[in-house]
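Each residue of the sequence shown is one higher than the one before, counting from 1 in the working numbering. Note that beta-carbon positions come from the ideal geometry of N, C-alpha and C, so glycine has one too. Remarks on the structure that follows.
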Amino acid sequence: MAEELSHASRYVKLNKDQGPMEEIKPGELNQPIDVPQLHVRKCNECGQPLPESYLAPADEPWTTGIFGCAEDAESCRTGLFCPCVLFGRNVEHVREDIPWTGPCICHAVFVEGGLAFAAATAALHGFIDPNMTCLIYEGLFFSWWMCGIYTGIMRQSLQKKYHLKNSPCDPCLVHCCMHWCALCQEHREMKSRLSDETAMPMTLVNPPPVQEMSAARDSPSTSANANHQVHLEMQAL
Numbered sequence: 001m002a003e004e005l006s007h008a009s010r011y012v013k014l015n016k017d018q019g020p021m022e023e024i025k026p027g028e029l030n031q032p033i034d035v036p037q038l039h040v041r042k043c044n045e046c047g048q049p050l051p052e053s054y055l056a057p058a059d060e061p062w063t064t065g066i067f068g069c070a071e072d073a074e075s076c077r078t079g080l081f082c083p084c085v086l087f088g089r090n091v092e093h094v095r096e097d098i099p100w101t102g103p104c105i106c107h108a109v110f111v112e113g114g115l116a117f118a119a120a121t122a123a124l125h126g127f128i129d130p131n132m133t134c135l136i137y138e139g140l141f142f143s144w145w146m147c148g149i150y151t152g153i154m155r156q157s158l159q160k161k162y163h164l165k166n167s168p169c170d171p172c173l174v175h176c177c178m179h180w181c182a183l184c185q186e187h188r189e190m191k192s193r194l195s196d197e198t199a200m201p202m203t204l205v206n207p208p209p210v211q212e213m214s215a216a217r218d219s220p221s222t223s224a225n226a227n228h229q230v231h232l233e234m235q236a237l
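Following this line, the structure appears as structure tokens:
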């Protein structure tokens with residue numbers, strides 16, 4: 001007994017200050033760990049992982065042409081009189097995290113505002129210095145080109161979402177040359193796509209008829225010692 005007490009203990013006793021700083025809650029170590037390397041895109045057909053640089057082929061045709069504005073009277077009227085509202089709705093459908101009011105205001109300030117400023121400059125052509133008029137038109141042309149690039153980027157996002165091909169040409173060039181027709185075409189495309197996704201065939205399934213089980217006991221007719229027989233019948237209500 002004295003020999004055991006003479007040997008010092010090999011374990012170190014920790015006081016309160018030397019204890020662990022973080023307390024582990026029950027079940028905390030069993031939580032799943034998120035590994036970013038495992039989040040890979042896979043092919044819908046074969047299930048094989050796809051590289052990060054993979055782009056889906058843009059070979060789907062547009063449901064309507066660029067000059068089919070008369071096919072949808074509502075979008076045609078909105079695009080003619082309030083193109084900023086139509087553009088805001090298109091952006092909201094493509095990017096759900098962006099409300100339609102922001103793009104609508106930007107479109108109204110830069111596009112409608114630029115057109116109004118160009119019309120005022122043309123009306124006051126005789127009262128403004130020709131050099132200043134030329135400078136104003138150059139600035140408006142540059143602003144129109146920048147707006148075409150911005151609206152073309154949104155059109156490109158729509159094409160990537162539904163794998164649409166360039167029709168009739170590059171998205172930015174389409175908006176620079178045919179801005180109002182492009183807005184109406186994009187609205188018709190999203191409207192038709194959303195209607196196809198929400199329209200689902202309804203299948204009516206009639207439930208089977210309610211059935212009950214009845215037991216009928218027949219009394220013996222020939223002998224008193226005969227066993228009772230139980231008959232089960234299925235009757236539909």
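Check                                                                                                                                                               : Outcome
Run through DSSP, which three-state label would residue 161 get?                                                                                                    : helix
Please classify residue 126 as buried or exposed, where buried requires at least 16 neighbouring CB atoms within 10 angstroms.                                      : exposed
If residue 185 sits next to residue 68, beta carbons under 8 Å apart, how far is it from one beta carbon to the other, in whole angstroms?                          : 7 Å
Any idea if residue 146 is buried or exposed, counting beta-carbon neighbours within 10 angstroms, 16 or more meaning buried?                                       : exposed
Between which two residues does the alpha helix (DSSP H) holding residue 117 run?                                                                                   : 113 to 123
For residue 94, which residues of its own chain have a beta-carbon under 7 Å away from its beta-carbon, when the five flanking residues on both sides are left out? : 154, 157, 158 and 161
Do residue 114 and residue 143 come within 8 Å of each other at the CB atom, strictly closer than that value?                                                       : yes
Between which residues of its own chain and residue 170 is the CB-CB distance below 8 Å, once the five residues before and five after are set aside?                : 152
Taking just the CA atoms, how far does residue 187 sit from residue 34?                                                                                             : 39 Å
Is the CB-CB distance between residue 79 and residue 183 below 8 Å?                                                                                                 : yes
So, under 8 Å CB-CB, residue 239 and residue 66 are touching, yes? Tell me the CB distance rounded to an integer number of Å.                                       : Residue 239 lies beyond the stretch modelled for the chain, which goes from 1 to 237, so this question has no answer here.
Given a threshold of 16 other Cβ atoms within 10 Å of its Cβ, counted over all protein chains shown, does residue 148 qualify as buried or as exposed?              : buried
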